Amino acid sequence: METTVKRIIILGAGTAGVSAAKKLHSLGYENEIVLISDEQGLPYDRPPLSKELLLGKMSPGDITQISNADILRMKIQYLTDRHVQSINTINQEISFSAHAPMHYDRLIIATGSRARKLDIASQPNDIYYLRTIEDSERITTKLKSSRHIAIIGGGWIGLELAAAARTLGVKVTLLEAAPQLCGRSVNNDIATRIQEIHQSEGVYIRLESSVENIERVDDNSWKLHLDNGKKVHCDMVVAGIGTLPNTALAKASGIDVDNGIVVDPDFKTSAPHVYAAGDVTNFYHCSYRRSIRLESYVNAQTQGDLAARACMGESVKYTEIPWFWSDQYEHNFQILGQVTGDAEGIDRGPNSDKGFLTLYLNDDRVVGAIALNQGREIRHIKKLIQSEKNVSAVKLRDLSLTLNSFL
Ligand SMILES: Cc1cc2nc3c(=O)[nH]c(=O)nc-3n(C[C@H](O)[C@H](O)[C@H](O)COP(=O)(O)OP(=O)(O)OC[C@H]3O[C@@H](n4cnc5c(N)ncnc54)[C@H](O)[C@@H]3O)c2cc1C
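Position one of the sequence shown corresponds to residue 234 (this note's numbering), numbered consecutively onward.
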């Protein structure tokens, strides 16, 4: 690495940012590592915010990503409550509203994503969204005094919220604009199975139902007006309608943005000495031969690690297969790879509402899998996808052949 690299700034202290900071330290980088967050407190994991934290199975102290002791030991300058306002890619400088600008020799942008807000004209300001630890704490408190919650959005966050609310004994109506749940990540067959699980737990699911207007009835109750003329009465409203990448800063500084910050295989952006990692990137995935943007924990961790290596002058390669998990009631879902509409689903193993494993084949190649309570098979399937080997559907259906035997 050039001796002129005296300061590496990591902008954003989520999973990608923390992973980058730790990697720089472990690679022996001894100059300044500055990790900047616009949040307060220690960096934390987001997945438990919609699961264990809501259910009281974990507390904020259990989900920190790095301890104060490690921050000191790794000599990371961790700056909290600092919103970066602009990046000057010519002078290599970032600026804040109330602090002096800082020069960087390398910059890693890891600004993540934010909850998408409802596009409704008259929107009360006490609708809940879930992205941060404060959001999760507010929802936990409100759930304790609620009897009927309306959840807008039938994606993973909405479903995890529904599961937590039902587990706590709260009545749930879940509203989804599309004709199926989780439309971006699973096909109709899997969506139907997920829907059945929630219905058996007492969630009232309304598909093809868009909220047109939210009316406050009194201090503690709401009336949601749906586009099909129906109404839902409730005492709490949470929206989980997807996320948007935090790209405004990069865009304003002239860095290429196209559904995320565009990065090359070395996680370099279009600006010199500026890298990006995590939810915020749009990157080329070798296995799928197209550019994608992922919102997943493992992806953020891997990209943070690789961006740090690239910063140190290593040539890197992203080979991770998209992987996401979700916990709902006693169930664990694992979603591996990218499953397009024309992929053929092949069931392996048990097939019930207690557990199933479906692999997806495209042109005789395994491209993805969805498992319910069958997580132990996931690592073999990951290797199979990475191998890009030809696999016949007939053989894959044969349960006497182990997944390992296809490798
Ligand atoms: C409730 C919830 C549950 C989830 N569950 C799962 C799950 O079960 N499985 C899974 O795989 N993934 C899950 N995810 C997704 C996963 O947590 C994210 O993909 C991951 O956190 C992305 O990490 P990141 O570092 O890219 O971004 P983030 O975690 O979003 O971190 C970015 C940080 O940058 C800060 N920032 C942004 N702009 C600025 C600025 N201008 N100045 C200073 N700081 C700034 C942000 O405030 C934030 O702290 C979940 C996410 C949420 C919200």
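All C-beta atoms, glycine included, are put in the ideal place defined by N, C-alpha and C.
In this text the structure is predicted, and so the values were computed from the model without any measurement.
Start-to-end residues for the alpha helix (DSSP H) that takes in residue i
i: Val627; result: Ala626 to Arg630
i: His258; result: Thr248 to Ser259
Backbone secondary structure at residue i - three-state DSSP
i: Ser433; result: helix
i: Asp352; result: coil
i: Gly475; result: coil
i: Ser620; result: helix
i: Ser486; result: coil
i: Phe649; result: With the chain covering only 234 through 640, there is no way to say anything about residue 649.
i: His506; result: coil
i: Gly578; result: strand
i: Gln273; result: coil
i: Lys501; result: strand
i: Ile611; result: helix
i: Ile427; result: helix
Per-residue burial, residue i [other beta carbons within 10 Å of its own, 16 or more giving buried]
i: Leu634; result: exposed
i: Leu363; result: buried
i: Val450; result: exposed
i: Lys615; result: buried
i: Ala396; result: buried
i: Cys519; result: exposed
i: Arg279; result: buried
i: Asp597; result: exposed
i: His431; result: buried
i: Lys550; result: exposed
i: Ser418; result: buried
i: Gln561; result: buried
i: Gly473; result: buried
i: Glu409; result: buried
i: Ser330; result: exposed
i: Leu632; result: exposed
i: Glu263; result: exposed
i: Gly601; result: buried
i: Lys256; result: buried
i: Glu563; result: exposed
i: Gly386; result: buried
i: Ser259; result: exposed
i: Thr535; result: buried
i: Gln273; result: exposed
Segment limits, beta strand (DSSP E) that includes residue i
i: Tyr530; result: Not the beta strand (DSSP E): Tyr530 falls in the alpha helix (DSSP H), residues Tyr530 to Cys544.
i: Gly570; result: His564 to Gly570
i: Leu590; result: Gly588 to Asn595
i: Arg526; result: Looking at the DSSP string, Arg526 is not in any beta strand (DSSP E), and its letter there is neither H nor E.
i: Leu312; result: Ile309 to Leu312
i: Leu605; result: Arg598 to Leu605
i: Leu244; result: Arg240 to Leu244
i: Asp560; result: Trp556 to Gln561
i: Tyr262; result: Element bounds for Tyr262: n/a, residue is neither H nor E.
i: Tyr517; result: Thr514 to His518
Chain D within 8 Å of residue i, Cβ atoms only
i: Gly250; result: Structure shown: chain D not included; a single protein chain is present.
**Asked** Which ranges does the alpha helix (DSSP H) cover as unbroken runs of at least 4 residues, wholly within the region 358 to 425, from first to last along the chain?
**Response** Counting only runs of 4 or more, we get 366 to 377 and 389 to 400.
**Message:** Quick test of the definition: if touching needs 3 or more C-beta pairs under 8 Å, does the region 493 to 510 touch the region 457 to 469?
**Reply:** No, the region 493 to 510 does not touch the region 457 to 469.
**Item:** the region 279 to 288 touching the region 298 to 310, judged by at least three CB pairs closer than 8 Å
**Value:** The region 279 to 288 vs the region 298 to 310: no contact.
**Message:** Count Cβ pairs between the region 468 to 475 and the region 370 to 389 that sit closer than 8 Å; are there 3 or more?
**Reply:** Counting Cβ pairs under 8 Å, three or more are found: they touch.
**Message:** As an exercise, report each continuous alpha helix (DSSP H) stretch of at least 4 residues that is fully enclosed by the region 277 to 341, in chain order.
**Reply:** Listed in chain order, the complete alpha helix (DSSP H) runs (minimum 4 residues) inside the region 277 to 341 are 301 to 306.
**Request:** Take every Cβ of the region 533 to 544, pair it with every Cβ of the region 580 to 589, and state whether three or more of those distances are shorter than 8 Å.
**Result:** The count of Cβ pairs closer than 8 Å, one atom from the region 533 to 544 and one from the region 580 to 589, stays below three, leaving the stretches out of contact.
**Request:** Ignoring anything shorter than 4 residues or poking outside the region 432 to 472, list the alpha helix (DSSP H) runs there in chain order.
**Result:** Segments of the alpha helix (DSSP H) lying fully in the region 432 to 472: there are none.
**Asked** Given 8 Å as the limit, is there contact between the region 382 to 392 and the region 411 to 428, that is, 3 or more CB pairs closer than that?
**Response** Pairwise C-beta distances place the region 382 to 392 in contact with the region 411 to 428, as three or more of them are shorter than 8 Å.
**Asked** Can we say the region 285 to 296 touches the region 244 to 261, given the rule of at least three CB pairs closer than 8 Å?
**Response** With the rule of 3 Cβ pairs closer than 8 Å, the region 285 to 296 does not count as touching the region 244 to 261.
**Touch test, the region 610 to 627 against the region 433 to 452, Cβ-Cβ under 8 Å, three pairs minimum** = By the C-beta criterion, the region 610 to 627 is judged not to be in contact with the region 433 to 452, since fewer than 3 inter-stretch pairs fall below 8 Å.
**Message:** Can you confirm whether the region 397 to 408 touches the region 319 to 326 when touching is taken to mean that 3 or more C-beta pairs between the two stretches lie within less than 8 Å?
**Reply:** They do not touch, by the three-pair rule.
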